[in-house]
Amino acid sequence: MALEKIIAVIALSATLLDGSLDAAMPDKNIDGSVFIINRQHSVSRRYVPSDLRKAETYGVSQQMRTEAATALEQLFEAAKEAGVPLSTVSGYRSYSKQATIYQRKVDSIGRKAADRISARPGTSEHQLGLAMDIAKKGASSLTTAFANTPQGQWVMENAHRYGFIIRYLKDYEDVTGYSYEPWHIRYVGVEQATAIYESGLPMELYMSGYRLEIYDYLIHQVIE
Numbered sequence: 014m015a016l017e018k019i020i021a022v023i024a025l026s027a028t029l030l031d032g033s034l035d036a037a038m039p040d041k042n043i044d045g046s047v048f049i050i051n052r053q054h055s056v057s058r059r060y061v062p063s064d065l066r067k068a069e070t071y072g073v074s075q076q077m078r079t080e081a082a083t084a085l086e087q088l089f090e091a092a093k094e095a096g097v098p099l100s101t102v103s104g105y106r107s108y109s110k111q112a113t114i115y116q117r118k119v120d121s122i123g124r125k126a127a128d129r130i131s132a133r134p135g136t137s138e139h140q141l142g143l144a145m146d147i148a149k150k151g152a153s154s155l156t157t158a159f160a161n162t163p164q165g166q167w168v169m170e171n172a173h174r175y176g177f178i179i180r181y182l183k184d185y186e187d188v189t190g191y192s193y194e195p196w197h198i199r200y201v202g203v204e205q206a207t208a209i210y211e212s213g214l215p216m217e218l219y220m221s222g223y224r225l226e227i228y229d230y231l232i233h234q235v236i237e
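Under the working numbering, the first residue of the sequence shown carries the number 14, and numbering increases by one thereafter.
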C-alpha cells in the first residue's frame, strides 16, 4: 500500500475514533431535514428554528420551518384534490410548551405511560419545526383510528411524495420509543422520505443503514 494511502487510512481511523466523522453525519445536523431527535438525542431549551412560518393550510398550530411548510401546503392541496381533505392539529412547539404538555400527561396517567405517548421537553420533533400532527378536515382528535380513514390511508401511501414520513410506525415502538402515531408526519425531504417509505423501516433504523453506507464508501475510497 502506498504511503499516501496508509496516511489516509490512519486519518480516517482517527476521525472514526474521535467521533468527528460521526458528528458530521447528516442526522447529526440540527438544522438539517434528517436530524434525529428522540430520547437519546435532544436539543436545548434555547433551540428555535430560524425560519419558522405559518403554513397556508386548513387547521390550527400551522407553524413549521419554511421548506417543510411549503411541502405541507402541497401535500394538503393534493389530498384535497384526491377528495380526502386534511386539517393541521399541532405543528411547531417551543421547549416550554412541550414541557407543559408532558407534565400534564404525567399528572394524568403517570410518567411511565406518559413516556410512551408524549416526548419529554427537548426530545420532541415538534421543537424542530419539521413535524405536524394531522387529522381529517373538521376533526381535532388524534387517535390510531386515523389510519383506517380514507385520509389516513392516503397519507400513508402518498406523504413521501411530498417529503414526509409517518414517523412512529406500528410494531416499532421499541425502536422509536413511542406508540404508533399514524397522524404524526415528519418532513425529511422527498429523496429521503421515498427511501424510508420504500424500506418500511422507522427513521432510526434507516439512518443507521445510511450511515453505514457512507462509512463503507469512504473506506473504499481510501483503500482503492
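Note that the Cβ used here is the ideal one computed from N, Cα and C, for glycine as well.
Asked: Test item: CB-CB of Gln140 and Ser103 under 9 Å; Found: no
Asked: Cutoff 7 Å; reference Ile49; Cβ partners in own chain excluding five residues on either side; Found: Asp40, Met216, Glu217, Met220
Asked: Residues near Arg133 by beta carbon distance below 6 Å, same chain, minus five either side; Found: Tyr115
Asked: Where Pro163 falls, given that 16 or more other Cβ within 10 Å makes a residue buried; Found: exposed
Asked: Supposed contact pair Ala148 and Ser100 - C-beta distance, whole angstroms, cut 8 Å; Found: 5 Å
Asked: Pairwise C-alpha distance: Tyr223 and Ile43; Found: 17 Å
Asked: Among Gly176, Asn171, Phe159, Tyr210, nearest to Thr83 - alpha-carbon criterion; Found: Gly176
Asked: Best match in Gln53, Glu69, Gln75, Met169 for proximity to Ile209 [C-alpha to C-alpha]; Found: Met169
Asked: Helix, strand or coil at Asp120 [DSSP, three-state]; Found: helix
Asked: Other residues of its chain near Val188: CB distance less than 8 Å, five sequence neighbours each side excluded; Found: Pro215, Glu217, Leu218
Asked: One or two residues paired with Gly72 in a DSSP bridge; Found: Thr101
Asked: Alpha helix (DSSP H) segment containing Leu85, residue limits; Found: 79-94
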